[in-house]
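Heads up, the thing below is written out as structure tokens.
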Amino acid sequence: MKTEFYTVTDPVRDREILARAAEIIRQGGLVGFPTETVYGLGASALSADAAAKIYAAKGRPSDNPLIVHVAKPEEAEQIACVPPVFYKLAQKYMPGPLTVIMPKRSCIPDGVTGGLDTVAVRCPAHPVARALIAASGVPIAAPSANRSGCPSPTAAAHVLRDMDGRIEMILDGGPCEIGLESTVIRLTEDGCEILRPGAVTEWMLSQVCDVVTVAKAVIDPSLAGDKPLSPGMKYKHYAPAAEVVLVDADEAGFAAYVRDHCTTEEAVAVSDDKAVEFAPLRVLSCGMHDTAEEQSRTMFALLREADDRGCKKIYIHLPPAEGSYLALYNRLIRASGGKIVRIGKTH
Ligand code: AMP
Ligand code: MG
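Those letters in the sequence shown? Residues 10 to 356, per the working numbering, in order.
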């Protein structure tokens, strides 16, 4: 299959391209498209055959359900049984990087939800994503547009690398602003539980829900078990070919460890404002400054760059498992296979 590739800068000006992409979706084909979190691999959420093509293109295990994307929060009603708290969450955080799991309606085939009787619903904020869903006239099932197990794509070039010849079309809407996948929650009697952390944080959810809990497997993936609340928890994820060495230390301890261990075939991930401290080692940039937002935005591209540059190992300072760093922490421990080098700490 020849994969068509188009740059879409303005959904109105580029409406003919979007109309063609929407036609592919309606016909049961696959389109890679930008969202504010990572690039998605979209297909009609109303077709089991189209969903099956997503699993085949990604090499994704068929019990790992897909997130279904809608153009407006109220369209969730068409695919899920929506409780009032959804609208409270929607008012504050949608469109945006929040996915809510709810009981599914029968129009969503089992092949989309991995056989579960629930469906994960998200309303993305990216204008190209919203325009594509609206033009398609169907909800769009979309996981991240990477080969299963590889770092998620945060630029159209990453999608092309993983999916060229496997899907009908890729829409390039520029680099993703957030860079990590959406927060996934399930609703509980008195609030919600975070199954996958993202840019909508525990604190932000606590502005709407009385009780917000974080699933144990978010911090320690080994606790996911065989039948986790979210099937994605049990799979190895986000891993580059390079070995990810996470170092849990203070700043001085991290720098000393890296200087002692990092060879010329390896690299260290640091923000630009710290790079000079690590010369002459090979440095991969995780943003201009050492903030959760910058590191989140750049981390997946950095992991891919490590492979492109043939790095055998990449040393990364372990972020705290809390607040706006929690999503980054969760992706990094999974990319490292759970191995952490602890320095000067007793636990
Ligand atoms: P991805 O599509 O790569 O962003 O991954 C989607 C994530 O959402 C995976 O971790 C899935 O396990 C999770 N997910 C999707 N649908 C459900 C559902 N119905 N119940 C629980 N988790 C879900
Ligand atoms: Mg994914």
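All residues carry an ideal CB built from backbone N, CA and C; glycine is no exception.
| Check | Outcome |
| --- | --- |
| Whether P249 touches L327 by CB criterion (8 angstroms) | no |
| Nonlocal neighbours in the same chain, by C-beta distance under 8 angstroms from E177, ignoring five residues either side | M10, T12, E13, I33, G38, L39 and V40 |
| Short Cβ contact (8 angstroms threshold) for I187 with S305 | yes |
| Through-space distance from L255 to R268, alpha-carbon basis | 14 angstroms |
| Cutoff 7 angstroms; reference G123; Cβ partners in own chain excluding five residues on either side | S71, D72, N73, P74 and P240 |
| L232 classed as buried or exposed, judged by whether at least 16 other C-beta atoms fall within 10 angstroms | exposed |
| Span of the beta strand (DSSP E), counted from its first residue to its last, around F14 | E13 to T16 |
| Option nearest C320 by Cα separation, candidates M308, T272 and F287 | T272 |
| Residues of its chain near T355, where Cβ-Cβ distance is below 8 angstroms and the 5 sequence neighbours each way are ignored | Low local confidence applies: a pLDDT of 48 at T355 is under 50, so the model's placement there is unreliable, and no value is given. |
| Cβ-based burial, H246 [other Cβ within 10 Å; buried from 16] | buried |
| T355 in three-state terms, based on DSSP | Unreliable positioning characterises T355 in this predicted model, as indicated by a pLDDT of 48, which lies under 50. A coordinate reading is not provided. |
| Inter-stretch contact (C-beta, 8 angstroms, three-pair minimum) for the region 44-58 and the region 91-101 | no |
| Beta carbon of G207 nearer than 8 angstroms to that of L180 | no |
| Own chain residues within Cβ distance below 6 angstroms of L290, not counting five before or after | C271 and V277 |
| Residue burial classification, I131 (beta-carbon count within 10 angstroms, cutoff 16) | In the sequence as displayed, the identity of residue 131 is Arg instead of Ile. Buried is the call here. |
| Run of the beta strand (DSSP E) containing Y324, from where it starts to where it stops | K322 to H326 |
| Contacts around P133, its chain only, beta-carbon distance under 7 angstroms, and the 5 residues preceding and following it disregarded | T44, E45, H78, P104 and R139 |
| For G41, three-class secondary structure by DSSP | strand |
| Outcome for V227 when other beta-carbon atoms lying within 10 angstroms are tallied against a minimum of 16 | buried |
| Segment contact flag, the region 191-207 with the region 57-70, C-beta cutoff 8 angstroms, min 3 pairs | no |
| E84 versus S145 - alpha carbon distance | 13 angstroms |
| Own chain, CB closer than 8 angstroms to G174, minus 5 neighbours either side, in chain order | M10, K11 and T12 |
| Rounded separation between A261 and E302 - CA only | 22 angstroms |
| Start and end residues, beta strand (DSSP E) containing G262 | G262 -> not in any beta strand (DSSP E); alpha helix (DSSP H) instead, spanning E260 to H270. |
| C-alpha gap between Y265 and P162, whole angstroms | According to the sequence as given, residue 265 is Ala; it is not Tyr. Each residue's Cα considered, the two are about 32 angstroms apart. |
| Supposed close pair R195, I110 - CB separation, criterion 8 angstroms | 4 angstroms |
| P237 Cβ short of 7 angstroms to the ligand MG heavy atom set | no |
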